[in-house]
Amino acid sequence: MTYTGTKISIDIERIPNELENADWPLLIAGPCSAESEEQLVDTAVKLKNTKRVSFFRAGIWKPRTRPNSFEGIGVKGLPWMQTVKKETGFRIATEVANAEHVELALKYGVDLLWVGARTSANPFSVQEIADALKGSDVAVLVKNPVNPDVELWIGALERISKAGIKKLGAIHRGFSSYEKSVFRNLPMWNIPIELKAACPDLPIVCDPSHICGNTELIPFIAQKSLDMEVNGLMIEVHNNPGCAWSDAKQQLTPDQYGDLIYGLLLRSTSPMQNQAPTALSKMREEIDLLDDEIIQKLSLRMKISEKIGQYKKENNVTILQMDRWSSIVGNRLNMGKAMGLSEDFLKKYLDLIHQESINIQSDVMNKRIRN
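Residue numbers (my numbering): 692 to 1062.
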């Protein structure tokens, strides 16, 4: 993947990471939202036992899509974060969305701030935050904008950099899409790859919690991101996720977090550490990205097959429609041959897809009979 825009030069200093093994990536963990002092301290103490946390995070202010949702505990949660810092020794992190948030967070000794996806999409808001940051030595991470716009992401980072912030990095949290997917936000790995190409020294942290939207996929995305050479992970962890006031489905317990982190494989970037990736490794990387997209599309296709099965059941229609299937095969074969794919391969592929679709529809239509 090659970035065709103007490369940027940002003066970067290392963000502190005092884990026992210096080879470990930056690990930011904690609840989506601060809910009470007891909740924060209990979660932090349990996370301390994993020995694999660089910063303890919690949302103090929560910019939500719609009003009447929980929008954060507000400033009264900052003394709770101070208590966490005092009792565990953790550096603390929270999201800021305006100048007032920055000033309050700095007043209460927050060590790392991040700019959220909704905020990074607005240059006026980012500039307000940048102006409030002038003269501080705090670490700042900028999440990708909601939409896949690498130039907008770069612009937000440049604004923060020009304010004199040197402990600077980015967070990849995925991108919103109208397309249905197994992910809450599509990973679209090509966008952070473009960012890395534009600024090779910039550390990028992946946020599997917001990409996945559920805990089941977090291990896959966490490992995938490390294999894509990200520099860290931000993962939501709650002492009792089932009772969380926000994003309950995507928060791990501290024990689950420990199992996840110790189960990750830390791979070297290449056999020769100081050499640039080979042409072969770049092509393999592109294949990996395409395979991920194909699997996501197949999942979406089978979900539609399930809906078709339900429709056929309700309207007493047979599963197999040979005229429809013959038309599909003919059209797909013609398209595939025009694109250089072999007819034999396409027939086998289409047969497998068709059989799986029949299996799914059959399960839907016969469910009541079996019960």
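Quick reminder that beta carbons are idealized off the backbone N, C-alpha and C, glycines included. Here the structure is a predicted model, which means the values were calculated and not measured.
Per DSSP, Glu704 lies in no beta strand (DSSP E) segment and is marked neither H nor E. Taking C-beta separations shorter than 7 Å and ignoring five residues to either side along the sequence, the partners of Ala847 in its chain run Val806, Ser811, Val817, Val833, following chain order. As the crow flies, the alpha-carbon of Trp844 is around 47 Å from that of Ser1017.
The closest CA to that of Gly904, considering only Ile751, Gln941, Leu886, is found on Gln941. For Trp805, the enclosing beta strand (DSSP E) begins and ends at 803-806.
Just so you know, the alpha carbons of Arg1015 and Leu1043 end up roughly 16 Å apart. Boundaries of the alpha helix (DSSP H) around Phe911: 909-918. Excluding its 5 nearest sequence neighbours in each direction, Lys1039 has no C-beta neighbour in its own chain below 7 Å. In this structure, Ser916 sits away from Gln987, with a CB-CB distance that is not shorter than 8 Å. Around the beta carbon of Asp802, a 10 Å sphere encloses 16 or more other beta carbons of the protein chains shown; the residue is thus reported as buried.
At a Cβ-Cβ threshold of 8 Å, Glu1005 and Ile1051 do not count as neighbours. In this structure, Glu920 is the residue among Glu920, Asn789, Ala913 with its C-alpha nearest to the C-alpha of Ser959. Closest in alpha carbon position to Lys825, among Asp983, Leu971, Arg850, Asn813, is Arg850.
Around the beta carbon of Ser727, a 10 Å sphere encloses fewer than 16 other beta carbons of the protein chains shown; the residue is thus reported as exposed. Between the C-alpha atoms of Ala888 and Gly923 there is a straight-line separation of about 17 Å. Per DSSP, reduced to three states, the secondary structure at Cys934 is helical.
Distance between Asp840 and Met1056, taken at the CA atoms: about 43 Å.
For the 8 Å CB-CB criterion, Arg875 and Ile895 do not form a contact. At the C-beta level, Val732 and Val775 come within 8 Å of one another. Rounded to the nearest whole angstrom, the CA to CA distance from Ala725 to Trp771 is 8 Å. Boundaries of the beta strand (DSSP E) harbouring Met925: 923-927, taken from the DSSP string. Straight across, the Cα-Cα distance linking Gly800 with Asp1054 is about 57 Å.
For Thr785, the enclosing beta strand (DSSP E) covers residues 782-787.
DSSP places Lys777 inside the alpha helix (DSSP H), whose first and last residues are 769-779.
When DSSP states are grouped into helix, strand and coil, Lys871 belongs to the coil group.
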